[in-house]
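Chains as they are written, first to last, in the numbering used here: chain W, 6 to 325; chain G, 35 to 309.
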């Protein structure tokens, strides 16, 4: 039996909180959490330090709410989906009839890397829909840029209000449609410069060697290995599924390596490409998913000239 | 294979690909010199008649004397390899096991072979059998004082056919991206180079032909020489181990394969990072 606003709903009940004060946030979150605890449902908070403290202080002692360790969950969207799906599957296996989660993204992701978090917010409508989940994603209207709020409205079916309301956003777009749209990510300023590597139709081995050679100690060893893995997969995909020629370019800055791989094809057909694993790996389909977890930022860019996937290892948060 | 597990210090098993017969001749001359200096018996196996081969080597210092006393033997391919159309891998390994023993009994330090084997691997069926033989003899050479240079003529075989054999040698001048050969230190096999989809079918064939077997439920691969491995190759190693009711164990210097295994939730592959 599901309880609260999600009673009778099948699958994922996904809401946004668009708050403009601590009181507003608590007016939505506290009844949500306490209602979950009262119903005996697993009740989880995935907030950053400040808001986690705010909620912790406002809750009665020993309320039975679980606080996820801050920071880790929202490092990379694909890893967040994987971690949450494991968490949800565990609760369902233990007999939960509903799980309640309230979370927030760190404001740093509203900048250069917002595109993949927008994809995340849309994709989870599908990725969590097999679970009896009621979740709320909190956005502080005072610091969230308008274009981010516009994406939030299109990726959340409902908004939870401080008056106990659960209003449709009105512009919610099914993930398959939303994700199929062209959503250009800001160009990394490095891309205006001359790349240090430019290869046409490289073998995956040649592409890997170029990444290793370009690194020269810039990234930690595990970071290089992860980027090598991601570039290898992306080049393999472009050679196998793309339209030649495949062009790989690489730029270096003191805090990051950026690799763009372009081909003249339309890019992956699967709207969830990179965010969810496709198949069991024996037939392909895992390469992009692995790449999304091996890099600090991955963008997909489609234009009349073809498809470009850009991988960043290191600090992806350039000013926009 | 029988016996201990230690790698013999003189272990050498090279696949030598040539386009120019002069390159093969130079390699042969080098092997004769190294073998005689080490007190080994040297077998030179090739397609040509014995006298013709001897004439070509007459100018090599010490060759004629060594040939007369039997320290160098010149054999035609048919003499050294019991073959019909397709060799029998086990029988062929037994022949070299016997020859190694005979060389030691005769007082030599070991057996060194240079074999021009092009005529033995012309068809896919021949290569299938010969590849199996190459890996089995590699295990013997790793542990006992036998070494070999297996020479193949690229002009006759082409790169793709040669790659099937070259990837089963610990050393080669052929352009193969990975190598699968005998392992030491409890490993069923060793992997070196890079494993990605480019040579996926070649790797599948090599694994099938080498057919490494588990010990006590663990199929251990020494992957310390493996610079890159993708998820497809990991899944293939897992599949091979599963067929033999074992878990695959990958000994590697880098933690990257361990992260991949964790990511994919591959519970029946263990990655052991060794320094």
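Backbone N, C-alpha and C fix where the C-beta goes; we use that ideal spot for every residue, glycine too.
What's the gap between the Cα of residue i and the Cα of residue j?
| i | j | result |
| --- | --- | --- |
| residue 18 (chain G) | residue 227 (chain W) | There is no way to answer for residue 18 (chain G), as the model of chain G reaches only from 35 to 309. |
| residue 139 (chain W) | residue 10 (chain W) | 9 angstroms |
| residue 103 (chain W) | residue 162 (chain W) | 18 angstroms |
| residue 329 (chain W) | residue 132 (chain W) | Because chain W here runs from 6 to 325, residue 329 (chain W) falls outside it and cannot be looked at. |
| residue 36 (chain G) | residue 238 (chain W) | At residue 36 (chain G), the pLDDT of 35 sits below 50, so the modelled position is not reliable and the matter cannot be decided from this model. |
| residue 307 (chain G) | residue 235 (chain W) | 21 angstroms |
| residue 231 (chain W) | residue 290 (chain G) | 7 angstroms |
| residue 235 (chain G) | residue 283 (chain W) | 22 angstroms |
| residue 242 (chain W) | residue 66 (chain G) | 48 angstroms |
| residue 149 (chain G) | residue 112 (chain G) | 11 angstroms |
| residue 153 (chain W) | residue 200 (chain G) | 56 angstroms |
| residue 248 (chain G) | residue 218 (chain G) | 14 angstroms |
| residue 92 (chain G) | residue 174 (chain G) | 32 angstroms |
| residue 54 (chain W) | residue 115 (chain W) | 18 angstroms |
| residue 38 (chain G) | residue 228 (chain G) | Note on residue 38 (chain G): pLDDT 45, under 50, position unreliable in the model; the coordinate value appears next. Approximately 29 angstroms between the Cα atoms of the pair. |
| residue 263 (chain G) | residue 288 (chain G) | 10 angstroms |
| residue 125 (chain G) | residue 147 (chain G) | 17 angstroms |
| residue 170 (chain G) | residue 100 (chain G) | 30 angstroms |
| residue 106 (chain G) | residue 133 (chain G) | 13 angstroms |
| residue 95 (chain G) | residue 62 (chain G) | 13 angstroms |
| residue 121 (chain W) | residue 82 (chain W) | 7 angstroms |
| residue 170 (chain W) | residue 291 (chain W) | 41 angstroms |
Report all residues from its chain with a CB closer than 7 angstroms to the CB of residue i; omit the five preceding and five following residues, and keep chain order.
| i | result |
| --- | --- |
| residue 301 (chain W) | 317, 318, 319 and 321 |
| residue 261 (chain W) | 317, 318, 319, 320 and 321 |
| residue 272 (chain W) | 305, 307 and 312 |
| residue 6 (chain W) | 102 |
| residue 165 (chain G) | 198, 199, 202 and 243 |
| residue 178 (chain W) | 159 |
| residue 98 (chain G) | 92 |
Run the CB neighbour count on residue i, radius 10 Å, all protein chains shown included, and call it buried at 16 or more, exposed below.
| i | result |
| --- | --- |
| residue 147 (chain W) | exposed |
| residue 73 (chain G) | exposed |
| residue 47 (chain G) | buried |
| residue 139 (chain G) | exposed |
| residue 28 (chain W) | exposed |
| residue 298 (chain W) | buried |
| residue 246 (chain G) | buried |
| residue 85 (chain W) | buried |
| residue 268 (chain W) | buried |
| residue 77 (chain W) | exposed |
| residue 187 (chain W) | exposed |
| residue 126 (chain W) | buried |
| residue 12 (chain G) | Outside the displayed span of chain G (35 to 309) sits residue 12 (chain G), for which this structure offers no information. |
Residues of chain W with CB under 7 angstroms from residue i, in chain order?
| i | result |
| --- | --- |
| residue 204 (chain G) | By Cβ distance, chain W contributes nothing, its closest Cβ being about 20 angstroms from residue 204 (chain G), past 7 angstroms. |
Who are the near neighbours of residue i in its chain, counting only those whose CB is closer than 8 angstroms to its CB and skipping five residues on each side?
| i | result |
| --- | --- |
| residue 35 (chain W) | 60, 63 and 64 |
| residue 221 (chain G) | 254, 255, 256 and 285 |
| residue 185 (chain W) | 276 |
| residue 12 (chain W) | 6 |
| residue 59 (chain G) | 90 |
| residue 123 (chain W) | 153, 156, 160 and 188 |
| residue 231 (chain G) | 264 and 266 |
For residue i, go through chain G and note every residue whose CB falls closer than 8 angstroms to its CB, in chain order.
| i | result |
| --- | --- |
| residue 291 (chain W) | 265 and 298 |
| residue 208 (chain W) | 232 |
| residue 227 (chain W) | 289, 290 and 293 |
| residue 196 (chain W) | The premise fails here: residue 196 (chain W) is roughly 27 angstroms from chain G at the closest Cβ pair, so nothing lies under 8 angstroms. |
| residue 237 (chain W) | 230, 262 and 264 |
I believe residue i touches residue j by the beta-carbon criterion, under 8 angstroms. Please report the beta-carbon distance rounded to the nearest angstrom.
| i | j | result |
| --- | --- | --- |
| residue 214 (chain G) | residue 260 (chain G) | Contact flag wrong, Cβ pair sits at about 10 angstroms. |
| residue 165 (chain W) | residue 33 (chain W) | 5 angstroms |
| residue 152 (chain G) | residue 191 (chain G) | 6 angstroms |
| residue 49 (chain W) | residue 57 (chain W) | Not confirmed; about 11 angstroms, so no contact. |
| residue 252 (chain G) | residue 292 (chain G) | So it is not a contact: roughly 16 angstroms between Cβ atoms. |
| residue 136 (chain G) | residue 144 (chain G) | At roughly 11 angstroms, the Cβ-Cβ gap does not stay under 8 angstroms, so residue 136 (chain G) and residue 144 (chain G) are not in contact. |
| residue 211 (chain G) | residue 45 (chain G) | Wrong, their Cβ atoms sit about 23 angstroms apart, outside the cutoff. |
| residue 195 (chain W) | residue 117 (chain W) | Not quite, the Cβ-Cβ distance comes to about 11 angstroms (not below 8 angstroms), so this is no contact. |
Output, in chain order, the set of chain W residues within a Cβ distance shorter than 8 angstroms of residue i.
| i | result |
| --- | --- |
| residue 185 (chain G) | Under the 8 angstroms cutoff, chain W gives no residues; its nearest Cβ is about 26 angstroms from residue 185 (chain G). |
Residues in the same chain with beta-carbon distance under 6 angstroms from residue i, minus the five sequence neighbours each way, listed in chain order, please.
| i | result |
| --- | --- |
| residue 16 (chain W) | 134 |
| residue 293 (chain W) | 278 and 279 |
| residue 315 (chain W) | 265 and 304 |
| residue 216 (chain W) | 232, 233 and 236 |
| residue 204 (chain G) | 47 and 215 |
| residue 22 (chain W) | 33, 141, 143 and 165 |
| residue 203 (chain W) | 254 |
Run through chain G and tell me which residues come within less than 9 angstroms of residue i, C-beta to C-beta.
| i | result |
| --- | --- |
| residue 241 (chain W) | 230, 231, 232 and 264 |
| residue 295 (chain W) | 264, 265, 294, 297 and 298 |
| residue 231 (chain W) | 290 and 293 |
| residue 213 (chain W) | 228, 230, 261 and 262 |
Below 7 angstroms on C-beta distance, what does residue i contact in chain G?
| i | result |
| --- | --- |
| residue 221 (chain W) | Result: empty, since nearest Cβ-Cβ is about 17 angstroms, beyond 7 angstroms. |
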